[in-house]
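> Could you have a look at this structure, given as structure tokens, before my questions?
4 protein chains.
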Amino acid sequence: MTKLTWGMIGGGEGSQIGPAHRLGAGLDGEFSFMAGALDHRPDAGRAYGRALGLDVDRSYGDWREMLDGERTRDDRVDLVTVATPNATHFEITKAFLEGGFHVLCEKPMTMTVAEGEEIVNISKETGKICAVNYGYSGYSLVRHMKAMVARGDIGKIRVVVAEFAHGHHADAADADNPRVRWRYDPAQAGVSAQFADCGIHAMHMASFVTGQEVERLSADTISAIGSRVLEDDAMVNFRMSGGAAGRLWTSSVAIGRQHGLTLQVFGETGGLRWAQEQPNQLYYMPLGQRLQVIERGEAGLSPEADRASRVTIGHSEGMPLAFANIYKDLAEAIQARKEGRTMDPAANLYPRAEDGLRSMAAVFAVAESGKAEGKWVDARPPMFR
Amino acid sequence: MTKLTWGMIGGGEGSQIGPAHRLGAGLDGEFSFMAGALDHRPDAGRAYGRALGLDVDRSYGDWREMLDGERTRDDRVDLVTVATPNATHFEITKAFLEGGFHVLCEKPMTMTVAEGEEIVNISKETGKICAVNYGYSGYSLVRHMKAMVARGDIGKIRVVVAEFAHGHHADAADADNPRVRWRYDPAQAGVSAQFADCGIHAMHMASFVTGQEVERLSADTISAIGSRVLEDDAMVNFRMSGGAAGRLWTSSVAIGRQHGLTLQVFGETGGLRWAQEQPNQLYYMPLGQRLQVIERGEAGLSPEADRASRVTIGHSEGMPLAFANIYKDLAEAIQARKEGRTMDPAANLYPRAEDGLRSMAAVFAVAESGKAEGKWVDARPPMFR
Amino acid sequence: MTKLTWGMIGGGEGSQIGPAHRLGAGLDGEFSFMAGALDHRPDAGRAYGRALGLDVDRSYGDWREMLDGERTRDDRVDLVTVATPNATHFEITKAFLEGGFHVLCEKPMTMTVAEGEEIVNISKETGKICAVNYGYSGYSLVRHMKAMVARGDIGKIRVVVAEFAHGHHADAADADNPRVRWRYDPAQAGVSAQFADCGIHAMHMASFVTGQEVERLSADTISAIGSRVLEDDAMVNFRMSGGAAGRLWTSSVAIGRQHGLTLQVFGETGGLRWAQEQPNQLYYMPLGQRLQVIERGEAGLSPEADRASRVTIGHSEGMPLAFANIYKDLAEAIQARKEGRTMDPAANLYPRAEDGLRSMAAVFAVAESGKAEGKWVDARPPMFR
Amino acid sequence: MTKLTWGMIGGGEGSQIGPAHRLGAGLDGEFSFMAGALDHRPDAGRAYGRALGLDVDRSYGDWREMLDGERTRDDRVDLVTVATPNATHFEITKAFLEGGFHVLCEKPMTMTVAEGEEIVNISKETGKICAVNYGYSGYSLVRHMKAMVARGDIGKIRVVVAEFAHGHHADAADADNPRVRWRYDPAQAGVSAQFADCGIHAMHMASFVTGQEVERLSADTISAIGSRVLEDDAMVNFRMSGGAAGRLWTSSVAIGRQHGLTLQVFGETGGLRWAQEQPNQLYYMPLGQRLQVIERGEAGLSPEADRASRVTIGHSEGMPLAFANIYKDLAEAIQARKEGRTMDPAANLYPRAEDGLRSMAAVFAVAESGKAEGKWVDARPPMFR
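Protein chains in written order, with our numbering: chain A, 7 to 391; chain B, 7 to 391; chain C, 7 to 391; chain D, 7 to 391.
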């Protein structure tokens, strides 16, 4: 098995997301970091790339230079990660897909639904992978939840309850802090703030675990800090393609909550509960029996869970390893293509362009419903209606 | 201080609520159980009353007999508890208030908003206490939350998140069980099932703790078990009189949850979280600081919390003691009247007819909104608009 | 069924233990409080008794007066609780047993092992019940643990791990506070402080749950606050009659712990864990399976657990109800004697003189071993060797 | 900054520890994996090395070949990890230190105290780093505990309570399973089983956090499964160089516990509690105040904690990242030497030969005391007495 090669756009010096991607891509040794355009300032990007060990000729000044440089190489990178500011994701992802590269794009994949549909189409036409980084779906026990639901352990799903509620933007005195302010400014953030930033992770997870898509939704959005144009707290009710009802609360003013991503799934014959802040336990109650604690790494879990688990039971695994599982999936997907074989189905779990598109449609639906007193609106992208 | 006397209507042999009331009323020794009409079958009621130690002439066959019997006695009971089937609460409560008795009525106080307004008016006109048993408000730390909010510890309230979600009606095979079925049958239960039964406790608690009333709401109600006419899962968004936004989820199909009554309150300068299943701890984060664990019984709590606490820190107190605190409040209210003094303000916390009325208005509002795709509706009783 | 009558010695105005006993005895309505000698100051005791509703002639000035007064009455109290200072327990308990009364004595039952043996013998000779208030054994799920062990659910017991560790005496500045100081002063507290005060509860619980007696022990005792003569932290290893090994840690300087009474029992085919601060859940793992959460009040528990449970699942029950279960046991024991029948075996769980004696022997053994570098010593009272 | 190079001995195909080390060394990109002798079967080791991307000439058949091969290269590896069976650690570590390499040795560093002293001396004489992999000391909040203690946040330490109790060897039917049996066989495991395997981690952590060494100890060791010669459950009391008393329980028959490594530290002015299974929270109570939850990644932690933290607050970090922190420390230690500068003191936390030696002395002391009824014995290696 040849080691794969990898390049990154964005994630320059001082960014939080850059090291997380390098860690995720490098963790299992399946990708070698070989190329990058790491900063919007060409010189800074080139210097930082060299500092990270890239060759001079693959330490690019901007993404266009990188596209040109890599496209013509025999040893072009196998995967490109796009971790630039949100507004540029579409353009860059599109260009690299069209250039024949597999892409992992940070969320949001695009800023509009139309762009999202375009990416889905391009990905189909080119046959190139377009993955989107809903990294929380990489946790071993989240994948086990999905497997349990898929094999019918809790029966037909009735209700899904998702949360992503933190308190890190609760200080009104901080509302003018540029680090925070842009998120609530439509000119920079688009039509939604807290739902688009955090809530969408919870919604993706609800779909991922249940295997159902969000079809309709009704949203109650508020700006608890009055100076904000976009919402900092939202409640979204929804209906899913398999008949499940959903409730999703997201907030950035929930003082006392640190991260607050949790998922509860209630079916006809059982219930499941998982929380990102304690990700190595999954709480499961079969109807009429007792609550059980499923431990990551225990014997007899699903192949999906086992593949996404690295250390023995009782040793916690955290977010960076969940993140790395997305890269591990992609490595298998790319290797399988290279080798002309079917990929391991337990790895075929990375979020893809369709997920990025559906998320964008949901963001617009939440914004629309939020402005219309919670009117129920179609949450599906036009191409999937 | 003379010991007070107490009578009960309903709560016959085999009922769950009867022992809970006798325990609550008797716990602190402030009330002597002296009269009762305990069963809808006169003979059974009289026999059970005598078995519980009531005198023969105060062990009544029905509530009318009791009303007649007690009304004419010099030593008539100081307080009457109404713990009969829901549909009879209004008639009995009304009759005893008009007969000059203080009443503690089980929830729901009435079956309609108009009846609720009538009770409020009668209570005012007669000057008699009409309390309603939202017993969870009796927990020491719930009262401390209220005190903290009132004195401004967490600033102006932005968002309240309440839950009451259990899984005890999740078994579809159980839907025809008479013990469960009546709750979802409009002919017996009225316009709402799970919200009226459980959700309303969470909503009362949100009002109790914040000191704000629910003004408008939007509800998404579903019957997860299809054969049910009334809802078994509901999400209610609301707005409160002091500007707070609320989210309330209630469910009876949440397998894995046992009781699930929790309250989170987020203000401008802090957040609070409390759960009924672990009622002796209150989680508090002041803005920009760390999460703290407030323990029931710790030094320096509010007078309201101290009055509602009986054993030393580290020893759990449970639901029966919370319940007893409602009786303890009522004992003080009645004694103060007898003695012609102002009552201890830390005891002036028992839920009253106005709360019963507002709850009924909310129940109807939820039912109306739930049928109208979540339309926002006025949740206030007409008399308070 | 005639209601039983009850009297108390000690527990005067302002005491913590008095209200707890009145609450415990009165909770289920099985005992009427009819007599008392509540204070070491005769006038204060008489006045307080009358304030609590006792008749003038049964509101006694001291315990001797009460013994004389009650002994000659036809309606003498059925049970006497002794809740006086520790050093007086022996004398009073002895006198009342010899006077023909059933007694519930606060712990410690005596100050020496010889006295303990005397009480055991008197109880046997007189045929009167002598119960000792190890009240934590009254919790429903503690009784369920005992039942599970007895019926073999976790196989032969290998190891028991018990703790009672709090931090309420950790402030060195507080060491001279009279409220705290006496506990560490041999002249007032005897041979042991923290073990005798708290650790002994944990040791009783280990015996209660496993059904095995402590035979030998080795103790490491320290005075973390140097000015103390008696220990404020101790580790005790022990061996039990059925072959189990035990580890017991007790401390009063464990800052951050509020109460800290926990019990873990590990057998050949399963493990159990319970904590007093969250008493409504019991954690159970059958060998090779998953951790399960047993909830107080769930269907299918043992008769012993059901009898000690009052409210429905999901509603917490706390320490006062555990305490009340000791009285509930005693009510059944006394009624059964009166009616000449065998008592309900599920009620035959109250701690008795033998337990009080064994505890005293363990206290002396801990003190002896602690002074002898942890030498293993016999922990049994001579009469049981 | 030049990237460092790294080699490994042991950790062949199918081993658990190999991937953990490769992950730890590679995580931050500071070490390139360049050489290895990965298997005791030369051909298998060479093949696996090549499969992992090593050059043919640095994919060695055994450690002697690797020592010869690397010693003569200009680009010899900067660090060698020894992850072979325990009995070979001494010989290999010694040889590589004498060969001029920095070494990270898996625990136990040696099988005897004398060997441990020899390694300490060789490390001093050669000036080469000899680190030992007590990897749990790499957790961010463990390092913060150490920093808090060092700066006096909880005052002089009184009592340390450590645990490492799991149930993975509780099945008697499994006692003959070769995977388990060897651990309890003196011929293969030495003088101690559970204490040497797990307990020693807890003891290292007690020393690491308090900055005090274990001087004397008393042990109660048992074989709960009778066929075992060595202990599967032990309680160790100890005294530390700064005056702290310690209690340490370790077990492999504690059914229901998964990992069970916890540490509680109680000082004159505060208490701390941390558990490996939920490593992102640290519980802290300042004397007379409330319990606080310190979150990994929160603002204002110590430099030691910050350096050992990679992702933002609320995202869990697990054991692999703790492990990686040992490599991160070593990278800084080696780079500082290369650059002739003082190393970052916040990185100077990796366990070293002295820790490996002290651990071995403690293991022998536990074995000795356990056989002598808990006699207190000196736990220090002779060279440190």
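Glycine is no exception: its CB is placed at the ideal position from the N, C-alpha and C atoms. Nothing here was measured: the structure is a model prediction, and the numbers come from that model.
Okay, do the region 161-179 of chain C and the region 250-258 of chain C touch, 3+ Cβ pairs below 8 Å being the bar?
Yes, the region 161-179 of chain C touches the region 250-258 of chain C.
> Is it a yes or a no for the region 114-122 of chain B touching the region 363-379 of chain B, going by three-plus beta-carbon pairs under 8 Å?
Verdict: yes, contact present.
> Listed from N- to C-terminal order along the chain, which residues in the region 269-296 of chain C have their beta-carbon within a distance smaller than 9 Å of any beta-carbon of chain D?
Residues Gln270, Phe272, Gly273, Glu274, Thr275, Gly276, Gly277, Leu278, Arg279, Tyr289, Tyr290, Met291, Pro292, Leu293 and Gly294.
> Mind checking if Arg358/C is an interface residue toward chain B, Cβ cutoff 8 Å exclusive?
Judged by the 8 Å Cβ criterion, Arg358/C is not in contact with chain B.
> Residues of chain C with CB under 8 Å from Val165/D, in chain order?
In chain order: Ile228, Ala230, Asp239, Ser257, Val259 and Ala260.
> Which residues, in order along the region 300-328 of chain C, keep a beta-carbon less than 7 Å from a beta-carbon of chain A?
Taking 7 Å as the Cβ-Cβ cut-off against chain A, the residues of the region 300-328 of chain C that qualify are Ile300.
> Can you check whether the C-beta of Leu33/D is within less than 8 Å of a C-beta belonging to chain A?
Leu33/D counts as touching chain A.
> According to DSSP, is Pro397/C helix, strand or coil?
No statement about residue 397/C is possible, as the shown extent of chain C runs from 7 to 391 and does not include it.
> If we ignore side chains and look at the alpha-carbon of each, how far apart do Met241/D and Asp226/D end up?
Cα to Cα, the separation comes out at about 5 Å.
> Any beta carbon from chain B within less than 8 Å of Glu71/A's own beta carbon?
No - not a single Cβ of chain B is within 8 Å of the one on Glu71/A.
> Return yes when the Cβ of Glu237/C is within less than 8 Å of the Cβ of Ile231/C, no when it is not.
Not a contact, by the Cβ cut-off of 8 Å.
> Could you compute how far the alpha carbon of Asp159/A sits from the alpha carbon of Gly303/A?
Their Cα atoms are separated by approximately 19 Å.
> Does Lys9/B have its Cβ less than 8 Å from a Cβ in chain C?
True, the Cβ-Cβ gap to chain C drops below 8 Å.
> One question on the structure: do His108/C and Ile125/C come within less than 8 Å of each other, judged by their Cβ atoms?
No.
> Closer than 8 Å is the cut-off here; do at least three beta carbon pairs connect the region 359-368 of chain C with the region 185-194 of chain C?
At 8 Å Cβ cutoff, the stretches do not touch.
> Could you give the distance in angstroms between the alpha-carbon of Asp68/D and the alpha-carbon of Glu219/A?
So the alpha carbons of these two residues sit roughly 55 Å apart.
> At what residues does the alpha helix (DSSP H) containing Ser257/C begin and finish?
Premise fails: Ser257/C lies in the beta strand (DSSP E), Ala251 to Ser257, not in any alpha helix (DSSP H).
> How would you write the range of the beta strand (DSSP E) that Arg164/D sits in, first residue to last?
Counting along the chain, the beta strand (DSSP E) containing Arg164/D begins and ends at Ile163 to Ala171.
> Any idea which residues DSSP pairs Asn243/B with across the strands?
According to DSSP, which records beta bridges pairwise, Asn243/B is partnered with Ser224/B and Arg253/B.
> Rounded to whole angstroms, what is the Cα-Cα separation between Ser233/D and Ala41/D?
Going by the C-alpha atoms only, they are around 42 Å apart.
> Taking beta-carbon pairs under 9 Å, can you tell me which members of the region 47-64 of chain B lie near chain C?
Flagged, chain order: Ala57, Leu58 and Gly59.
> Are the region 326-339 of chain C and the region 73-83 of chain C touching, with three or more C-beta to C-beta distances below 8 Å?
As far as the Cβ criterion goes, the region 326-339 of chain C does not touch the region 73-83 of chain C, which means the pair count is below three.
> Going by DSSP in three states, Trp188/A sits in which element: helix, strand or coil?
In this structure, Trp188/A counts as helix in the three-state DSSP scheme.
> For the region 343-358 of chain D and the region 44-52 of chain D, state whether three or more C-beta atom pairs, one from each stretch, are separated by less than 8 Å.
No, they do not touch.
> Contact between the region 288-297 of chain D and the region 259-277 of chain C: three or more CB pairs below 8 Å?
Contact between the region 288-297 of chain D and the region 259-277 of chain C is present, because at least three Cβ pairs lie under 8 Å.
> How would you call Glu112/D, buried or exposed, if buried means at least 16 neighbouring beta carbons within 10 angstroms?
By the neighbour-count rule (16 or more Cβ atoms within 10 Å), Glu112/D is buried.
> I'd like the list of long-range same chain contacts for Gly18/C, defined as Cβ closer than 7 Å, with 5 residues on each side in sequence excluded.
The residues are Gly24, Leu44, Asp45, Ala50, Gly51 and Tyr54.
> What alpha helix (DSSP H) runs, 4 residues minimum, are completely inside the region 70-129 of chain A?
If we require 4 residues or more, the alpha helix (DSSP H) runs fully inside the region 70-129 of chain A come out as 95-104.
> Quick check: Ala328/C and Tyr142/C, are their CB atoms within less than 8 Å of each other?
Result yes, Cβ atoms of Ala328/C and Tyr142/C sit closer than 8 Å.
> Helix or strand or just coil, what does DSSP make of Ile135/B?
Note: Ile135/B maps to coil in three-state DSSP.
> What separation, rounded to the nearest whole angstrom, lies between the Cα atoms of Gly122/A and Gly20/A?
The straight-line gap from Cα to Cα measures roughly 29 Å.
> With a threshold of 16 other CB atoms inside 10 Å of the CB of Arg77/C, please say whether the residue is buried or exposed.
Per the 10 Å Cβ criterion, exposed.
> Going by CA-CA distance only, name the one from Leu147/D, Gly173/D, Glu131/D and Lys162/D that's closest to Glu274/C.
Here the closest residue by C-alpha is Gly173/D.
> Taking Cβ positions only, does Arg28/A come closer than 8 Å to chain D?
Arg28/A counts as touching chain D.
> So which residues of chain D does Gln264/A contact, with C-beta pairs closer than 7 Å?
Chain D residues near Gln264/A: Glu301, Ile319 and Gly320.
> Where Phe214/B and Thr216/D are concerned, what is the direct C-alpha to C-alpha distance, given to the nearest angstrom?
Distance between the alpha carbons of Phe214/B and Thr216/D is about 47 Å.
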